[in-house]
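Number of protein chains: 2
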Amino acid sequence: MTITIALDAMGGDHGPRVTVSAAVAFVRDEPDAIVVLVGQPEAIAEELRRLGAASEPRLPIVPAAEIVRMDEPPAQALRAKRDSSMRVALGLVRDGRAEACVSAGNTGALMAIAHFVLKTLPGIDRPAIVTALPTRQGHVHLLDLGANVECSAEHLRQFAVMGCLVAQAVDGKERPTVGLLNVGVEEIKGNETVKAAAQLLRASGLNYVGYVEGDGIYAGDTDVIVCDGFVGNIALKTSEGLARMIRAFMKEEFQRTLMTRLVGLIARPILRAFASRVDPKRYNGATLVGLNGVVVKSHGGADAVALRNALQVALREARHNIPERIRRELEPPPRRGLA
Amino acid sequence: MTITIALDAMGGDHGPRVTVSAAVAFVRDEPDAIVVLVGQPEAIAEELRRLGAASEPRLPIVPAAEIVRMDEPPAQALRAKRDSSMRVALGLVRDGRAEACVSAGNTGALMAIAHFVLKTLPGIDRPAIVTALPTRQGHVHLLDLGANVECSAEHLRQFAVMGCLVAQAVDGKERPTVGLLNVGVEEIKGNETVKAAAQLLRASGLNYVGYVEGDGIYAGDTDVIVCDGFVGNIALKTSEGLARMIRAFMKEEFQRTLMTRLVGLIARPILRAFASRVDPKRYNGATLVGLNGVVVKSHGGADAVALRNALQVALREARHNIPERIRRELEPPPRRGLA
Numbered sequence: 002m003t004i005t006i007a008l009d010a011m012g013g014d015h016g017p018r019v020t021v022s023a024a025v026a027f028v029r030d031e032p033d034a035i036v037v038l039v040g041q042p043e044a045i046a047e048e049l050r051r052l053g054a055a056s057e058p059r060l061p062i063v064p065a066a067e068i069v070r071m072d073e074p075p076a077q078a079l080r081a082k083r084d085s086s087m088r089v090a091l092g093l094v095r096d097g098r099a100e101a102c103v104s105a106g107n108t109g110a111l112m113a114i115a116h117f118v119l120k121t122l123p124g125i126d127r128p129a130i131v132t133a134l135p136t137r138q139g140h141v142h143l144l145d146l147g148a149n150v151e152c153s154a155e156h157l158r159q160f161a162v163m164g165c166l167v168a169q170a171v172d173g174k175e176r177p178t179v180g181l182l183n184v185g186v187e188e189i190k191g192n193e194t195v196k197a198a199a200q201l202l203r204a205s206g207l208n209y210v211g212y213v214e215g216d217g218i219y220a221g222d223t224d225v226i227v228c229d230g231f232v233g234n235i236a237l238k239t240s241e242g243l244a245r246m247i248r249a250f251m252k253e254e255f256q257r258t259l260m261t262r263l264v265g266l267i268a269r270p271i272l273r274a275f276a277s278r279v280d281p282k283r284y285n286g287a288t289l290v291g292l293n294g295v296v297v298k299s300h301g302g303a304d305a306v307a308l309r310n311a312l313q314v315a316l317r318e319a320r321h322n323i324p325e326r327i328r329r330e331l332e333p334p335p336r337r338g339l340a
Numbered sequence: 002m003t004i005t006i007a008l009d010a011m012g013g014d015h016g017p018r019v020t021v022s023a024a025v026a027f028v029r030d031e032p033d034a035i036v037v038l039v040g041q042p043e044a045i046a047e048e049l050r051r052l053g054a055a056s057e058p059r060l061p062i063v064p065a066a067e068i069v070r071m072d073e074p075p076a077q078a079l080r081a082k083r084d085s086s087m088r089v090a091l092g093l094v095r096d097g098r099a100e101a102c103v104s105a106g107n108t109g110a111l112m113a114i115a116h117f118v119l120k121t122l123p124g125i126d127r128p129a130i131v132t133a134l135p136t137r138q139g140h141v142h143l144l145d146l147g148a149n150v151e152c153s154a155e156h157l158r159q160f161a162v163m164g165c166l167v168a169q170a171v172d173g174k175e176r177p178t179v180g181l182l183n184v185g186v187e188e189i190k191g192n193e194t195v196k197a198a199a200q201l202l203r204a205s206g207l208n209y210v211g212y213v214e215g216d217g218i219y220a221g222d223t224d225v226i227v228c229d230g231f232v233g234n235i236a237l238k239t240s241e242g243l244a245r246m247i248r249a250f251m252k253e254e255f256q257r258t259l260m261t262r263l264v265g266l267i268a269r270p271i272l273r274a275f276a277s278r279v280d281p282k283r284y285n286g287a288t289l290v291g292l293n294g295v296v297v298k299s300h301g302g303a304d305a306v307a308l309r310n311a312l313q314v315a316l317r318e319a320r321h322n323i324p325e326r327i328r329r330e331l332e333p334p335p336r337r338g339l340a
């Protein structure tokens with residue numbers, strides 16, 4: 002089955018130079034995928050020519066005149082830029098002309114415009130951002146990563162339902178385990194919202210395993226971990242910062258003297274194999290779940306390799322039709338007639 | 002000047018075996034330090050004998066019959082165990098017989114008992130937990146790390162004042178920079194509490210530099226970073242979990258084949274130098290600031306090397322008399338007579 006992905010070709014720190022190059026490589030690998038390049042036609046066509054892909058039929062261009070700046074306030078992007086590449090790409094999903102949208106643009110604007118254009122699924126109050134993170138045993142789906150900085154217990158329950166459906170579809174797990182991120186594992190720990198969410202989750206019918214502490218994210222004992230967007234964003238970015246520092250320290254140690262450089266040369270294949278296991282590029286692509294359509298956010302600074310990964314995430318989620326699964330799961334059961 | 006530290010000798014996962022051994026090594030290095038070993042005299046005396054330190058005059062024993070279990074509810078530890086090693090050690094600080102207390106015991110119980118025994122300083126509503134974390138440029142003081150899972154903007158302001166005084170005293174920085182942990186650096190980002198705290202901090206006279214994102218913790222551009230205890234605990238434990246996973250992955254890669262093991266052997270000094278820069282043992286010892294006395298919490302699983310580091314933190318903070326500095330800073334200015 003052919004899947005069409007609308008790509009915001011102007012989004013991200015590098016614009017078409019990265020987005021078009023990622024799309025070209027992606028459609029070569031994925032014979033069933035079409036990537037619609039949304040944005041300024043000249044800029045996109047020039048990149049396609051540069052890459053020798055000007056005549057690729059699976060890379061159509063849909064024009065959009067405006068660009069949402071990376072630092073533009075979401076409300077302004079929503080109100081003032083009706084012809085932005087981001088909004089036009091999302092419109093293609095709404096109109097059924099694409100199954101998914103990928104953007105490396107301004108996260109807040111993407112959230113606001115996606116919410117406005119696609120609307121949330123019935124039974125979902127707010128969309129959430131979910132991504133897979135590497136763990137010692139595979140990966141974990143963590144949400145929310147920043148869409149909702151203040152959440153109620155009921156929001157956390159909805160995040161758990163959506164996270165489990167993603168894990169089911171993507172990992173093929175029948176009853177994924179779900180934990181609540183907390184400051185301790187004992188029942189008395191946590192703030193009032195987390196305690197109330199624990200009660201809702203115990204009664205939810207989900208495979209709820211209880212509280213998980215911060216270090217439990219990377220232990221890999223849980224398939225889905227739920228938290229509010231403030232906490233999730235801090236956990237994710239703190240991890241990015243620590244990983245960067247560790248890489249920098251390691252590099253410094255191996256470059257200290259001629260001798261350590263030599264050892265670094267010998268150890269290079271091992272260090273590479275190690276680095277690839279925690280390479281953030283491999284984990285680029287976070288989904289905005291809870292909307293009427295698949296929307297994937299790439300890191301703004303993503304290069305073509307990382308952006309291809311985000312396209313891969315979109316393809317997978319569209320193939321599994323995650324929005325439709327969430328809709329079915331949350332649909333109230335049909336009423337029986339009394340007569 | 003001699004500094005006396007009351008050590009909860011029964012606290013932590015390993016009890017006297019680790020605590021006494023750390024104390025013995027510590028007083029050998031620090032000729033001006035006395036470590037009072039609080040707990041069951043037989044168990045402590047036996048360890049002292051085993052280490053050939055039974056006659057060390059700077060390691061007196063103060064008996065306490067009870068032990069707070071690591072999983073004991075704080076309220077129960079506070080109410081029921083009046084003769085616990087933790088409580089007796091804190092009592093020595095209250096009575097002026099010690100300048101600082103160190104415990105590797107149950108964090109919640111230590112918080113509750115320290116709060117009850119020592120009381121908070123005037124102008125401080127709640128004590129906070131602060132620790133130094135390694136950064137690319139040195140270290141950063143992060144607080145609160147879990148004492149307060151729900152905080153008001155005013156609490157965050159008080160944490161900022163205390164964190165700055167710690168940085169001033171410990172690092173000798175005259176006007177340490179202080180940032181607020183948030184999900185973005187733009188003014189519109191964050192929840193209501195963080196936004197209100199930003200206003201208080203801008204008006205505080207502190208060297209407030211604005212919002213810092215999670216990855217900013219390890220960048221090292223800020224001396225003090227403030228957040229509520231829920232977020233701080235998640236950031237700290239997530240970091241611990243990620244560092245553990247990275248260590249495990251690295252070990253696996255170097256142990257994959259005979260060849261990679263050989264390279265690992267050659268690279269060992271470099272890998273050791275690298276590991277020591279992010280060694281959690283070097284950063285063991287978090288302070289409960291805001292109390293009438295220095296109280297340092299060690300990791301429960303700390304070994305003797307890590308616990309010595311916690312004793313070092315206590316010695317440094319007692320030498321700088323941090324509680325007194327906080328008291329002076331927050332003291333209302335004397336009223337002038339009108340006549």
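Chains as they are written, first to last, in the numbering used here: chain Z, 2 to 340; chain G, 2 to 340. No residue lacks a Cβ here, since even glycine has one placed at the ideal position from N, Cα and C.
The beta strand (DSSP E) enclosing residue i, as first and last residue numbers
i, result
"serine 104 of chain G", "101–104"
"leucine 38 of chain Z", "34–40"
"lysine 298 of chain G", "295–298"
Min CB distance residue i to chain Z below 8 Å
i, result
"aspartate 145 of chain G", "no"
"methionine 251 of chain G", "yes"
"alanine 340 of chain G", "Because the pLDDT of alanine 340 of chain G is 46, which lies under 50, any placement of that residue in the model is unreliable, and the question is left without a value."
"alanine 307 of chain G", "no"
"alanine 44 of chain G", "no"
"phenylalanine 160 of chain G", "no"
Interface residues of chain Z facing residue i [CB-CB closer than 8 Å]
i, result
"glycine 215 of chain G", "Asn234, Ile235, Ala236, Leu237, Lys238, Thr239, Ser240, Glu241 and Gly242"
"valine 279 of chain G", "Met246, Ile247 and Phe250"
Residue i, enclosing alpha helix (DSSP H) - first and last residue
i, result
"valine 225 of chain G", "From DSSP, valine 225 of chain G is part of no alpha helix (DSSP H) but of the beta strand (DSSP E) over 225–227."
"aspartate 9 of chain Z", "Taken as a continuous stretch (DSSP letters only), aspartate 9 of chain Z belongs to no alpha helix (DSSP H), being part of the beta strand (DSSP E) at 4–9."
"tyrosine 219 of chain G", "217–220"
"asparagine 310 of chain Z", "305–320"
"alanine 287 of chain G", "Careful: alanine 287 of chain G lies outside any alpha helix (DSSP H), inside the beta strand (DSSP E) at 287–290."
"glutamate 241 of chain Z", "230–255"
Interface residues of chain G facing residue i [CB-CB closer than 7 Å]
i, result
"glycine 191 of chain Z", "Val150"
"threonine 261 of chain Z", "Ile271"
Interface flag, residue i vs chain G, CB-CB below 8 Å
i, result
"glutamate 73 of chain Z", "no"
"tyrosine 212 of chain Z", "no"
"tyrosine 284 of chain Z", "no"
"arginine 341 of chain Z", "Lying before the first or after the last residue shown, residue 341 of chain Z is absent from chain Z, which here runs from 2 to 340."
"leucine 182 of chain Z", "yes"
"isoleucine 218 of chain Z", "yes"
Under the three-state DSSP convention, the category residue i falls into
i, result
"serine 85 of chain G", "strand"
"leucine 60 of chain G", "coil"
"valine 28 of chain Z", "helix"
"glycine 139 of chain Z", "strand"
"arginine 328 of chain Z", "helix"
"lysine 282 of chain Z", "helix"
"alanine 133 of chain G", "strand"
"glycine 211 of chain Z", "strand"
"glycine 180 of chain Z", "strand"
"leucine 144 of chain G", "strand"
"glutamate 67 of chain Z", "strand"
Beta-carbon neighbours of residue i, restricted to chain G and to distances below 8 Å
i, result
"isoleucine 359 of chain Z", "Since the first and last residues shown for chain Z are 2 and 340, residue 359 of chain Z lies out of range."
"glutamate 155 of chain Z", "By Cβ distance, chain G contributes nothing, its closest Cβ being about 18 Å from glutamate 155 of chain Z, past 8 Å."
"phenylalanine 27 of chain Z", "Correct list: empty, because the minimum Cβ distance to chain G is about 28 Å."
Under 9 Å from the C-beta of residue i: neighbouring residues of chain Z
i, result
"isoleucine 114 of chain G", "Ordered by position in chain Z, no residue passes the 9 Å Cβ test against isoleucine 114 of chain G, which lies about 16 Å from the chain."
Under 8 Å between C-beta atoms of residue i and residue j
i, j, result
"aspartate 9 of chain Z", "glycine 302 of chain Z", "no"
"leucine 316 of chain Z", "glutamate 31 of chain Z", "yes"
"glycine 233 of chain G", "leucine 146 of chain G", "yes"
"arginine 328 of chain Z", "leucine 122 of chain Z", "yes"
"asparagine 107 of chain Z", "arginine 70 of chain Z", "yes"
Heavy atom of the ligand HEM within 7 Å of residue i beta-carbon
i, result
"alanine 44 of chain Z", "Absence of the ligand HEM from the depicted structure is noted, as is the absence of any ligand whatsoever, leaving it without description."
Interface residues of chain Z facing residue i [CB-CB closer than 7 Å]
i, result
"alanine 419 of chain G", "Any question about residue 419 of chain G goes unanswered here, given that chain G covers just 2 to 340."
Original post:
At a Cβ cut of 8 Å, what residues of the segment 118–139 of chain Z count as close to chain A, listed as they run along the chain?
Top reply: The structure shown contains no chain A; its protein chains are Z and G.
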